[in-house]
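Heads up: take any position in the sequence shown, counting from 1, add 345, and you land on this note's numbering.
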Amino acid sequence: MSDGVAKDSAEGSSRSSGNHHQQPQPAPLSRYESQKRRDWNTFGQYLKNQRPPVPLSQCNCNHVLDFLRYLDQFGKTKVHLHGCVFFGQPDPPAPCTCPLRQAWGSLDALIGRLRAAYEEHGGSPETNPFGNGAIRVY
């Protein structure tokens, strides 16, 4: 009887700790991969929220430009307009009403991540809207 108890407890412990049906846990994503996934999901949600919603298969560079303009409202970089008295001054002495925008480097990195994510999700490099010349100009 003690042999049966030992066998049952051994089987029970091996079942709880060594379940052969579990998939191995994937390695945690790098910071870049996490940000790329978050950016891709944000862009996808942006397209879904358009009226009418835009399927990814119909997305073009105009949708990407609209997305970048949408993101500008959350920017923290002051961009002085040509008519502003502080235009061209790196450290203006007083506040002005010029808009805050996303920093160029932030947008450049975002587009790089979205360009890679588009192709990872089955998009062709030739049709990648994030690689369009109009995006680089923006």
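Each residue gets a CB set at the ideal place from its N, CA and C atoms; glycine is no exception. Because the structure is a prediction, the values reported are computed rather than measured.
Exercise. If you draw a straight line from the alpha carbon of Glu471 to that of Pro437, how long is it in whole angstroms?
Worked result: 44 Å
Exercise. Apart from the five residues on each side of it in sequence, which residues of its chain come closer than 6 Å, Cβ to Cβ, to Arg446?
Worked result: Asp417, Gly420, Thr422, Val424
For this session: Grab me the residues of Leu452's own chain with a C-beta within less than 8 Å of its C-beta, minus the 5 sequence neighbours each way, in chain order.
Result: Leu413, Leu416, Tyr483
Problem set entry | Pairwise C-alpha distance: Gln395 and Asn386 | 15 Å
Exercise. How would you call Cys404, buried or exposed, if buried means at least 16 neighbouring beta carbons within 10 angstroms?
Worked result: buried
Problem set entry | Nearest residue (CA-CA) to Arg481, options Leu455, Tyr463, Gly468 | Of the candidates Leu455, Tyr463, Gly468, the one whose C-alpha sits nearest the C-alpha of Arg481 is Leu455.
Problem set entry | Expected contact under 8 Å - CB spacing of Ala461 and Leu410 to nearest Å | The Cβ separation is near 19 Å, so there is no contact.
Problem set entry | 8 Å CB neighbourhood of Ser469 in its chain, flanking five on each side removed | Within its own chain, no residue has a Cβ closer than 8 Å to the Cβ of Ser469 once the five positions on either side in sequence are excluded.
Problem set entry | Exposed unless 16 or more other CB atoms sit within 10 angstroms - verdict on Tyr377 | exposed
Problem set entry | Beta bridge counterpart(s) of Thr422 as assigned by DSSP | Arg446
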